[in-house]
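Position one of the sequence shown corresponds to residue 11 (the numbering used here), numbered consecutively onward. From the three backbone atoms N, C-alpha and C, an ideal C-beta is built for every residue, glycine too. Report on the structure given below.
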Amino acid sequence: MEKKIYTALGLMSGTSLDGVDVAVIETDGEEVFAFGQSGCLDFDEEIVALKLAVKAALEWKFSGPPPNSLQAGSEFTDAKHIQAIEELFQEHTGLKEDVDVIGYHGQTVYHLPPQGGVKGQTLQLGSGQSLAANFGIPCVYDFRSDDVRAGGQGAPLAPIYHQALCRYSNLFGRVAVVNIGGVSNVTLVDGEKPLIATDCGPGNGPLNSWMELKGVGSYDKDGRLSWAGDVDLDRVNRWLERDFFKRPIPRSADRYDFDVLPDMRDMSIENGAATLASFCAHAIARDMKKYNPETIVVCGGGRHNPAIMGMLDMHTNGKVLKAEDVGWDGDALEAQAFAYLAVRKLRDLPISFPGTTGVAMPMTGGVIVKP
Ligand SMILES: Nc1ncnc2c1ncn2[C@@H]1O[C@H](COP(=O)(O)OP(=O)(O)OP(=O)(O)O)[C@@H](O)[C@H]1O
Ligand SMILES: CC(=O)N[C@H]1[C@@H]2OC[C@@H](O2)[C@@H](O)[C@@H]1O[C@H](C)C(=O)O
Numbered sequence: 011m012e013k014k015i016y017t018a019l020g021l022m023s024g025t026s027l028d029g030v031d032v033a034v035i036e037t038d039g040e041e042v043f044a045f046g047q048s049g050c051l052d053f054d055e056e057i058v059a060l061k062l063a064v065k066a067a068l069e070w071k072f073s074g075p076p077p078n079s080l081q082a083g084s085e086f087t088d089a090k091h092i093q094a095i096e097e098l099f100q101e102h103t104g105l106k107e108d109v110d111v112i113g114y115h116g117q118t119v120y121h122l123p124p125q126g127g128v129k130g131q132t133l134q135l136g137s138g139q140s141l142a143a144n145f146g147i148p149c150v151y152d153f154r155s156d157d158v159r160a161g162g163q164g165a166p167l168a169p170i171y172h173q174a175l176c177r178y179s180n181l182f183g184r185v186a187v188v189n190i191g192g193v194s195n196v197t198l199v200d201g202e203k204p205l206i207a208t209d210c211g212p213g214n215g216p217l218n219s220w221m222e223l224k225g226v227g228s229y230d231k232d233g234r235l236s237w238a239g240d241v242d243l244d245r246v247n248r249w250l251e252r253d254f255f256k257r258p259i260p261r262s263a264d265r266y267d268f269d270v271l272p273d274m275r276d277m278s279i280e281n282g283a284a285t286l287a288s289f290c291a292h293a294i295a296r297d298m299k300k301y302n303p304e305t306i307v308v309c310g311g312g313r314h315n316p317a318i319m320g321m322l323d324m325h326t327n328g329k330v331l332k333a334e335d336v337g338w339d340g341d342a343l344e345a346q347a348f349a350y351l352a353v354r355k356l357r358d359l360p361i362s363f364p365g366t367t368g369v370a371m372p373m374t375g376g377v378i379v380k381p
């Protein structure tokens, strides 16, 4: 039987809370055949509903009745994702008619990994029903809950897409695909060998918080401050002693798991930024060390920070490349991943694996909503 090739639209609003990425790919859920249109809707000051939801979720920790602000956060999430899709459809006439399925990650507001035999919990705001009804297109959402219910970490989920991308681009040998978003994660691809993946630790999250705390913007644009400062390696080594880093891989993180700012009160802005960039690079390098990848492809916003990229190069043996160097779109890649995962769900193909989330058996995940 001939396999159907889907035009799939994926959506990602990451832990940095800076906007919605939307991207289209052509795929049968196994191979990637083509990259399609992509776009980004930046969040503006209206984001307050989402910030309140994240704050409330951090205090709630899945204990007792859910806070009311989650409903407002969920409505905001749906509205912004609908707007992001509408803008893409307006820009590209005929695209709406072509899209077969939407993969909607939603907004993670809290992620609690499994611990000591107790299953984890994870919450992504947003309802697939809203998107399916709004566009009259089937939507797959809530990708992480099945894995978590089965005892997995619930993250990372992009690894199977990373492997498909390596096939698409004929990247052979030991390849590490690194994402540096709010949190950082890595997938180790070695042809069709079982995938190994994990969240590594902080991405840009603590650095963004540091910039906000110091009143110098929401992120370190082009790594100017990280580049200008001196790294306090003792501090980095101390932070790397924290419990998160003692957990075996695969492990997953919440964006707020790396709150080292209280330990930085005596630091200058530049030295603090350099030290946080080093914390990020060390966390990634140590998870890859054992696998000694020959090629390291970096996606996510952190690839724009030359201090992080330089330190990653310094602490690894492989060749460090940006996603664009191998023909990928480092901003759209996570949204593409959820387009791919949506098609895998439609085809009942696994999206998480023992080596990527620690789940006992490969399994599919997500909820399908028909319009
Ligand atoms: N030009 C730049 N210079 C330095 N850093 C940048 C630049 N552009 C983006 N970033 C960093 O990248 C972050 C956004 O990265 P990205 O969009 O990959 O994160 P995310 O998808 O929200 O997070 P996650 O992958 O953890 O869910 C910004 O908050 C900023 O810290
Ligand atoms: C719980 C959650 O939303 N995790 C995100 C986050 O952002 C990066 C890292 O932490 C990764 O584990 C995951 O996203 C990517 C897309 C993933 O699942 O592969």
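Assignment of Tyr151 by DSSP, reduced to helix, strand and coil, places it in the strand class.
Contact between Leu135 and Val119 holds: their C-beta atoms lie close to 6 Å from each other, under 8 Å. Of the heavy atoms belonging to ligand 2, at least one sits nearer than 8 Å to the Cβ of Glu344.
Contact between Ala283 and Leu235 holds, with the beta-carbon distance rounding to 4 Å and staying under 8 Å.
Counting of Cβ neighbours within 10 angstroms places Ser219 among the buried residues, the total reaching 16 or more. Distances between the C-beta of Ile112 and the heavy atoms of ligand 1 are all 8 Å or more.
With fewer than 16 other Cβ atoms inside 10 Å of its own Cβ, Met324 counts as exposed. Annotated three-state conformation of Phe72 is coil, per DSSP.
If only complete runs of 3 or more residues are kept, the stretch 167-246 shows the beta strand (DSSP E) at 184-190, 193-200 and 206-212, in order along the chain.
Taking the CA atoms as reference points, Glu36 sits about 20 Å from Gly375.
Counting along the chain, Tyr120 sits inside the beta strand (DSSP E) bounded by residues Val111 to Leu122. With contacts defined as CB atoms closer than 9 Å, Asp28 and Phe53 qualify as a contacting pair.
Distances taken from the Cβ of Gly365 to the heavy atoms of ligand 2 include none shorter than 8 Å.
Residue burial is scored here from C-beta neighbours: Lys90 has at least 16 other C-beta atoms within 10 angstroms and is therefore classed as buried.
In the three-state reduction of the DSSP assignment, Lys329 falls in the strand class, which pools E and B. Between Gln163 and Pro204, the C-beta spacing is not below 9 Å.
Within the same chain, Cβ atoms closer than 6 Å to the Cβ of Val330 are found at Ile306, Leu322 and Asp323, the five residues on either side in sequence being excluded.
Counting along the chain, Asp358 sits inside no alpha helix (DSSP H), nor does DSSP assign it H or E at all. Thr87 carries a helical assignment under DSSP once its states are collapsed to helix, strand and coil.
For Thr132, the shortest separation between its Cβ and any heavy atom of ligand 2 lies below 8 Å.
With fewer than 16 other Cβ atoms inside 10 Å of its own Cβ, Ser228 counts as exposed. When beta bridges are read from the DSSP output, Tyr16 appears opposite Thr37.
9 Å or more divides the Cβ of Ile92 from the Cβ of Ser26. Per DSSP, the beta bridge partners of Ile378 are Val150. Remark: the shortest separation between the CB of Met277 and any heavy atom of ligand 1 does not fall under 8 Å.
Taking 9 Å as the cut-off, the Cβ atoms of Gly312 and Cys290 count as close. The straight-line gap separating the alpha-carbon atoms of Pro169 and Thr366 is approximately 7 Å. In the structure shown, the three-state DSSP call for Met22 is strand. Within the same chain, and ignoring the five residues on either side of Trp70 in sequence, the residues whose Cβ sits closer than 6 Å to its Cβ are Pro77. Approximately 7 Å separates the beta-carbon atoms of Thr87 and Leu60; this is inside 8 Å, confirming the contact. Taking C-beta separations shorter than 8 Å and ignoring five residues to either side along the sequence, the partners of Val226 in its chain run Leu235 and Ile279, following chain order.
When rounded, the separation of the alpha-carbon atoms in Thr326 and Asn315 is 17 Å. In this structure, Ala287 lies near Leu217, with their beta-carbon atoms less than 9 Å apart.
In the three-state reduction of the DSSP assignment, Ser288 falls in the helix class, which pools H, G and I.
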